[in-house]
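Okay, structure first, notes after.
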Amino acid sequence: MKQSQYFIPTLKDVSNDVQMTSHKLMLRAGLMRSIGAGIFSWLPLGWRVIEKIKKVLQEEMNKIGGQEFHLPALNPIEYWEETGRVEAMGDVMFHIKNRDGLVLAPTHEEIIALHAKQHISSYRDMPMVWYQIQSKFRNEPRPRSGVLRGRQFFMKDSYSLDTSFENLDISYDKHYNAYKSIFDRCGIKYFIVGASSGAMGGSKSQEFMVESDFGEDVCAISDSGYAANIEVATSDLKAIERNKDNFEAEIFETPKSKTIDDLVKDFDLDEQICAKSLIYIVDKKAVMILMRGNDELNISKVESFFATTDIRPAHDEEILEITGAKAGSLGPINLLKNIDVYADNLLMNCNGLVSGANKTGYHYKNIDLDRDAKIAKYQDFRTVQSGEPDIIDGSTISVVKAIELGHIFKLGTKYSDAMGAKFLDTDGKEKSIVMGSYGIGVERIAACFIEQSSDDNGIIWNKELAPFDVHIVGINTHKDQTVSDYCDELYSKFNSENIEVLYDDRDVSPGFKFKDADLIGTPIQIIVGSRSLKEDLVEVKIRKNSEKIMIKTNKILDFIKNN
RNA sequence: CGGAGUAUGGCGCAGCCCGGUUAGCGCGUCUGGUUUGGGACCAGAAGGCCGCAGGUUCGAAUCCUGCUACUCCGACCA
């Protein structure tokens, strides 16, 4: 591609609003432009990068037997009603206003299950891996950080269809390995965490994560290799030990202590033994959850424990009605209404606890959960924090922010049951197809790569994702005929050898070309100037380390082929 | 959805508090000339209903009200 005829609108600077390095560089290098919150145009150079990513995705998916589809973004809502996801998706799904019954698909489990129902009827028809790389639409409440969270974005989504959960394990493992190959080939540093399945449903799920301050996920990782999304992360902290002395529970006045912090300060107590009592409305039913005073409730764990997302904190009036006290004085003893009380594992069989008395301005001390309270179940409800020992070998956990690049799910039969996607098994019995679903954010690969591979001058592409293999920088091509002749010759030679080449033949000063070349960041630049050309040499600049190599003009093609 | 901020030629910004000539600056663009190995220089030129709608005022980019868009923070902790 000759740069004088190619649209690469590079910029010297971008608005101060743009925070993320990758976002800045995508704009500056002329890869992409935003036309609204979470909506982007890919410009020719950026589109080449997206195409490179797609190629890696296609090759690795094809290797595990994937078959590429292209499913419509416009979906009849009826299929979404069948699986109950119109409600589950809520505002996230776009609804078409001037044509009843159409939505924009945020994902494609329903349509896959539909086609499976239409045409998969025997165990002989499986396994299948169906995938696509296609635009997804999600009405994100707050798009952010450039292409990281958009309202329209590309997703590589694939779906496995199997005859049994054992075979689902095989398809899942194939995807797991394919995803590793994909991110390895892209040259991205990532880690894999166990995750919550959330609204998708199903059993096991894992996420492929890139550590970044701009990430929206929080993960617990340690040197031993422990890695889990904070939603499901656990640590090896032990429950508080029982005191030998076991005094009678005793009520005491705490008029000024509204929070655990107040209580600790006002009465010089250990924060650990001040149990906090949280009232939640789960599936319209009130429950109390007891936590150590210094612990944070993990709402994802609550969701998966109760197997529902219909969870909210109780309102003040509800709290008063249920407990007989205002928030700040709640506890497991003397509740007004008979509700189930759950407690975090770290409080298991504890005594000597301090907690509210369900009488505004009063607390109990010396509470023995075994003796004084009725705990429906002890469960892990807490959020892991940095510094805690992990469950592998006690290595210290760090809690880091991360960007979710990919997510793989064992869905099971949730969607096939709902849509009636069944098959006849070897035993002649009708069974539901067992599904898995697997997604990768295409733009996020580009963004994460740039986050990890750039310097002050611009992007540093690797071979796999680079929009072009080489960039010929012709010095004074418009003044020096020998330079432009040689560049032209090199350019057509590369083209005939299928080496993807960008040739800067513009009539601009050398400095300008150097700056743009570094910003665009192809792995190799070939700098052609009259001085070196007189000695039959050209200069090769390796972008990643700025190494400069002088090469004989007749050897340059071999050099590029071998690098 | 809660909070904060921003909106001024193509891009990046100043001006606004404290209303008052013709709304500035840098980059980019166009013309001519000089330049050419790390974003050249000189001269000239084009390009703005100062986000939208109301209001206050003799007079509004500037003050007030409403709306819209965008950006950032937050959406367990009783």
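Number 129 in numbering that gives the first Met the number 0 belongs to position 130 of the first sequence; there are no gaps in the numbering. Built from N, CA and C at the ideal position, the CB exists for glycine as well.
Presumed contact (8 Å Cβ cut-off) between residue i and residue j, rounded CB distance
i	j	result
Ile-95	Leu-101	4 Å
Arg-381	Asp-294	4 Å
Gly-65	Tyr-171	Actually they are not in contact, since the Cβ atoms of Gly-65 and Tyr-171 sit about 14 Å apart, beyond 8 Å.
Ile-374	Tyr-341	7 Å
Ala-248	Val-383	The Cβ separation is near 31 Å, so there is no contact.
Asp-379	Lys-300	6 Å
Leu-501	Met-0	5 Å
Asp-416	Ser-431	5 Å
Ser-134	Phe-164	Not a contact, Cβ separation roughly 32 Å.
Lys-188	Val-209	7 Å
Ala-274	Leu-345	In fact, because the Cβ distance is near 10 Å, the residues do not count as touching under 8 Å.
Ala-446	Leu-26	Contact flag wrong, Cβ pair sits at about 12 Å.
Gly-327	Asn-357	So it is not a contact: roughly 11 Å between Cβ atoms.
Tyr-175	Ile-407	6 Å
Phe-136	Ala-104	7 Å
Leu-296	Leu-319	The pair is not a contact, with the Cβ atoms about 21 Å apart (cut-off 8 Å).
Ala-578	Thr-9	As displayed, the chain neither begins before 0 nor continues past 562, which places residue 578 out of reach and without an answer.
Gly-355	Ala-324	6 Å
Ser-121	Leu-423	5 Å
Ser-203	Lys-409	Here residue 203 turns out to be Lys, not Ser, going by the sequence shown. The pair is a contact, with the Cβ atoms about 5 Å apart (cut-off 8 Å).
Asp-269	Ile-332	Incorrect: roughly 20 Å between the Cβ atoms, too far for contact.
Val-55	Ile-181	6 Å
Closest Cα partner of residue i within the set the options
i	options	result
Met-92	Ala-36, Glu-81, Arg-98 and Thr-106	Thr-106
Asp-535	Asn-553, Ile-519, Lys-543 and Val-500	Asn-553
Phe-251	Val-263, Tyr-361 and Pro-522	Tyr-361
Ala-238	Met-31, Gln-271, Ala-227 and Gln-2	Gln-271
Asn-337	Pro-312, Cys-349 and Met-287	Met-287
Ser-3	Asp-504, Phe-136 and Ser-121	Asp-504
Gln-18	Glu-86, Leu-44, Gly-145 and Trp-79	Gly-145
Ser-529	Val-472, Ile-555 and Lys-547	Val-472
Ile-391	His-69, Leu-296, Ala-226 and Glu-215	Ala-226
Ser-545	Ile-407, Phe-513 and Cys-273	Phe-513
Leu-30	Gly-37, Gly-45, Gly-193 and Ala-36	Gly-45
Trp-532	Asn-475, Ile-498 and Val-507	It should be pointed out that residue 532 corresponds to Leu in this sequence rather than to Trp. Answer by Cα proximity: Asn-475.
Gly-292	Asn-245, Ile-439 and Lys-264	Lys-264
Glu-496	Asp-515, Gln-451, Pro-509 and Ile-555	Ile-555
Lys-116	Gly-438, Asn-357 and Asp-161	Asp-161
Asp-557	Phe-493, Asp-506 and Pro-509	Phe-493
Ser-234	Leu-262, Asn-297 and Pro-388	Pro-388
Ile-498	Leu-423, Lys-462, Asn-15 and Pro-142	Lys-462
Asn-228	Asp-216, Asp-222 and Ser-221	Asp-216
Own chain partners of residue i with C-beta closer than 6 Å, once the 5 adjacent residues on each side are dropped
i	result
Ile-191	Gln-205 and Phe-207
Ile-444	Ile-52 and Cys-185
Tyr-178	Phe-207 and Gly-405
Ala-232	Ala-219 and Val-383
Arg-32	Ser-40
His-254	Looking at the sequence shown, residue 254 is not His but Pro. Once the five neighbours on either side are set aside, the close Cβ partners of Pro-254 are Gly-360.
Asp-339	Val-286 and Ala-375
Tyr-377	Ala-342, Asn-344 and Met-347
Gly-609	As displayed, the chain neither begins before 0 nor continues past 562, which places residue 609 out of reach and without an answer.
Glu-563	Outside the displayed range of the chain (0 to 562) lies residue 563, so it cannot be described from this structure.
Gly-214	Lys-400, Ala-401 and Ile-402
Own chain, CB closer than 8 Å to residue i, minus 5 neighbours either side, in chain order
i	result
Ile-523	Asp-468, Val-469, His-470, Val-539, Lys-540, Ile-541, Arg-542, Ile-559 and Asn-562
Cys-486	Ile-471, Gly-473, Thr-476, Tyr-502, Asp-504 and Val-527
Thr-412	Ser-431, Ile-432, Val-433 and Met-434
Thr-521	Trp-460, Ala-465, Pro-466, Phe-467, Asp-468, Val-469, His-470, Leu-501 and Arg-542
Gly-419	Lys-116
Gly-457	Leu-24, Arg-27, Ala-28, Asp-517, Leu-518, Ile-519 and Gly-520
Leu-236	Leu-345, Glu-387 and Pro-388
Distance cut-off 7 Å: residue i Cβ against heavy atoms of the ligand MN
i	result
Val-231	Absence of the ligand MN from the depicted structure is noted, as is the absence of any ligand whatsoever, leaving it without description.
Neighbourhood of residue i by C-beta, 7 Å cutoff - its chain only, sequence neighbours within 5 removed
i	result
Arg-241	Asn-348, Cys-349 and Asn-350
Tyr-490	Ile-471, Val-500 and Tyr-502
His-69	Gln-131 and Gln-133
Leu-563	Only positions 0 to 562 of the chain appear in this structure, which leaves residue 563 out of reach.
Glu-429	Lys-421 and Leu-423
Glu-67	Gln-57, Tyr-130 and Gln-131
*So does the stretch 58-73 actually touch the stretch 473-489, counting three or more Cβ pairs closer than 8 Å?*
no
*asked:* When you compare the stretch 270-287 with the stretch 307-315, are there three or more beta-carbon pairs, one atom per stretch, that lie closer than 8 Å?
replied: yes
*Which runs of the alpha helix (DSSP H) spanning at least 4 residues fall entirely within the stretch 330-389, listed in chain order?*
368-371
*Check whether the stretch 21-28 touches the stretch 117-127, counting contact only when three or more Cβ pairs, one atom from each stretch, lie closer than 8 Å.*
no
*Kindly confirm or deny that the stretch 154-166 and the stretch 394-403 touch, where touching means at least three C-beta pairs closer than 8 Å.*
no
*Counting only runs that start and end within the stretch 158-205, where is the alpha helix (DSSP H) found for 4 or more residues in a row?*
164-185
*asked:* What ranges does the beta strand (DSSP E) occupy inside the stretch 231-319, keeping only unbroken runs of at least 3 residues that lie completely in it?
replied: 249-252, 275-281, 284-290 and 310-312
_Just to confirm the assignment: which complete alpha helix (DSSP H) runs, minimum length 4, are found wholly within the stretch 501-532?_
509-519
*What runs of the alpha helix (DSSP H), each 4 residues or longer, lie entirely inside the stretch 69-155?*
Fully enclosed alpha helix (DSSP H) runs of 4 or longer: 76-81, 84-88 and 108-118.
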